[in-house]
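Numbers in the numbering used here are just positions in the sequence shown, counted from 1, shifted up by 1. Backbone N, C-alpha and C fix where the C-beta goes; we use that ideal spot for every residue, glycine too. I have placed the structure first, in the form of structure tokens, so that the comments after it can refer back to it.
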Amino acid sequence: MPSLDAVDEAFLSSAPVRASHTISVPVSADTVWRELTNDTTLRWLAPGIRVVWGNPRAGVGAVRKIGPAVGPKVNEHYFLWEEGRRKAFYVTSMPVPAPGLRAFAEDYVVTPTDRGADFTWAWAIDGTGPIRNATPAVNAIVGFSMKRTQRYFEKIAAAGR
Numbered sequence: 002m003p004s005l006d007a008v009d010e011a012f013l014s015s016a017p018v019r020a021s022h023t024i025s026v027p028v029s030a031d032t033v034w035r036e037l038t039n040d041t042t043l044r045w046l047a048p049g050i051r052v053v054w055g056n057p058r059a060g061v062g063a064v065r066k067i068g069p070a071v072g073p074k075v076n077e078h079y080f081l082w083e084e085g086r087r088k089a090f091y092v093t094s095m096p097v098p099a100p101g102l103r104a105f106a107e108d109y110v111v112t113p114t115d116r117g118a119d120f121t122w123a124w125a126i127d128g129t130g131p132i133r134n135a136t137p138a139v140n141a142i143v144g145f146s147m148k149r150t151q152r153y154f155e156k157i158a159a160a161g162r
């Protein structure tokens, strides 16, 4: 499995390729956080996704494997964790080569609002070659993912959960 570089919080604002989108959702910040940290997280983006947490289960230093139910997974290491509010990880290894990719991190921020919560999802990437020009593609991927995430939380609200 190809290994990627470890990063820290500074990378989230200094990486050459960054994308960040915020949505307002009609569910509580607690509901958003629960959905982002459970064993079936992101299932609204990729049916059949499997999450396996290491020990510790949550917090700084936690590790998580995520990917298809059967097959190799992406390995993540959490370097930020503010319970109920924010978590960020970097990818330590991927099951397939991504030529030129050196580092990849994601940052999730949940903020309570009068109408529910705001959820910000940011990606930060470093690499060589075509990776350096990937901002438009990364923006499109994060934007598409957030539209699906918005619909998912609207369904939860409509169901009264």
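Per-residue DSSP class, three states only, for residue i
| i | result |
| --- | --- |
| Lys74 | coil |
| Ser29 | coil |
| Val139 | helix |
| Ala47 | coil |
| Val58 | With the sequence shown as reference, residue 58 is identified as Arg, and Val is not the correct amino acid for it. In the structure shown, Arg58 sits in coil (DSSP, three-state: anything other than H, G, I, E or B). |
| Gly130 | helix |
| Glu83 | strand |
| Thr93 | strand |
| Gly144 | helix |
| Ala20 | strand |
| Thr38 | helix |
| Ala158 | helix |
Distance between residue j and residue i (C-alpha atoms, nearest Å)
| i | j | result |
| --- | --- | --- |
| Val97 | Asp115 | 43 Å |
| Val61 | Leu81 | 5 Å |
| Val52 | Glu83 | 20 Å |
| Arg103 | Ala70 | 26 Å |
| Gly85 | Thr136 | 29 Å |
| Ser146 | Ala47 | 10 Å |
| Trp45 | Glu36 | 10 Å |
| Gly117 | Phe154 | 10 Å |
| Tyr109 | Ala63 | 15 Å |
| Asn134 | Val75 | 23 Å |
| Leu5 | Asp40 | 24 Å |
| Ala16 | Ala7 | 13 Å |
| Val163 | Arg87 | Given that the chain is displayed from residue 2 to residue 162, the structure contains no residue 163 and the question cannot be resolved. |
| Ala141 | Lys148 | 11 Å |
| Met95 | Pro3 | 6 Å |
Endpoints, the alpha helix (DSSP H) within which residue i is located
| i | result |
| --- | --- |
| Glu164 | With the chain covering 2 to 162 only, the question about residue 164 has no answer from this structure. |
Residue i and residue j closer than 8 Å at C-beta
| i | j | result |
| --- | --- | --- |
| Glu77 | Arg58 | no |
| Gly130 | Pro100 | yes |
| Ile126 | Val143 | no |
Run of the beta strand (DSSP E) containing residue i, from where it starts to where it stops
| i | result |
| --- | --- |
| Arg103 | 102-114 |
| Arg65 | 64-69 |
- request: Count the CB pairs spanning the segment 22-35 and the segment 148-162 that are closer than 8 Å, and state whether there are at least three.
  value: yes
field: Touching by the beta-carbon criterion (3+ pairs, under 8 Å), the segment 11-23 and the segment 117-125
entry: yes
query: Does the pairing of the segment 7-19 with the segment 84-93 give three or more beta-carbon distances under 8 Å?
result: yes
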